[in-house]
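K.L.:
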Amino acid sequence: MSTIKNHVQLIGNVGQEPTITNLENGKKVARFSLATNEYYKNDKGEKVQNTEWHTVVAWGKTAEIIEKYAGKGKEIGVSGKLKSRSYEDNDGIKRYVTEVEANEILLLGVKNGNNSIE
Numbered sequence: 001m002s003t004i005k006n007h008v009q010l011i012g013n014v015g016q017e018p019t020i021t022n023l024e025n026g027k028k029v030a031r032f033s034l035a036t037n038e039y040y041k042n043d044k045g046e047k048v049q050n051t052e053w054h055t056v057v058a059w060g061k062t063a064e065i066i067e068k069y070a071g072k073g074k075e076i077g078v079s080g081k082l083k084s085r086s087y088e089d090n091d092g093i094k095r096y097v098t099e100v101e102a103n104e105i106l107l108l109g110v111k112n113g114n115n116s117i118e
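Each residue of the sequence shown is one higher than the one before, counting from 1 in the numbering used here.
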């Protein structure tokens, strides 16, 4: 049960092209936004869509997979954990960020009408 204490699973669409950073030690880090949608009916019986945006960070091999296959609009599944951190912005104001640190990616859907992996 200890493995589910901080565990996140999301299925959504990549919001923009992932940002890939090559670190000095040779590792890669990928950063991107993921949109998840929920649907419900309001009081009038109309279908309503609610979109949540998540910041996802991936390291190493997972970042390489994202770089190669997970472009803007691609539907993917992400499994990982929540990480929180703080930093000071340019105005000296302390900011807080919560991100999903992905350790597993599942490629779903079709990108650009082509679901083959090149």
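All residues carry an ideal CB built from backbone N, CA and C; glycine is no exception.
Note that the structure is predicted; figures quoted are calculated from it, not measured.
Determine, using beta carbons only, whether residue 71 and residue 36 come nearer to each other than 7 Å.
P.N.:
What you label residue 71 is simply residue 71 of the sequence shown in a count that begins at 1. What you label residue 36 is simply residue 36 of the sequence shown in a count that begins at 1. Cβ distance not < 7 Å, so residue 71 and residue 36 don't count as in contact.
K.L.:
Taking DSSP as the reference, what is the three-state secondary structure of residue 60?
P.N.:
Sequence index remark: in the sequence shown, residue 60 carries index 60 (1-based). In this structure, residue 60 counts as helix in the three-state DSSP scheme.
K.L.:
Using the Cα positions of residue 48 and residue 26, report the straight-line distance between them to the nearest angstrom.
P.N.:
Here residue 48 refers to the residue found at position 48 when the sequence shown is read from its first residue. Here residue 26 refers to the residue found at position 26 when the sequence shown is read from its first residue. Roughly 45 Å between the two C-alpha positions.
K.L.:
For residue 22, which residues does DSSP report across the bridge?
P.N.:
To locate residue 22, count along the sequence shown from 1; it is residue 22. Per DSSP, 28.
K.L.:
Using alpha carbons as the reference points, say which of 57, 96, 75, 100 lies closest to residue 21.
P.N.:
Numbered from 1 along the sequence shown, position 21 holds the residue referred to as residue 21. The option with the nearest alpha carbon to residue 21 is 57.
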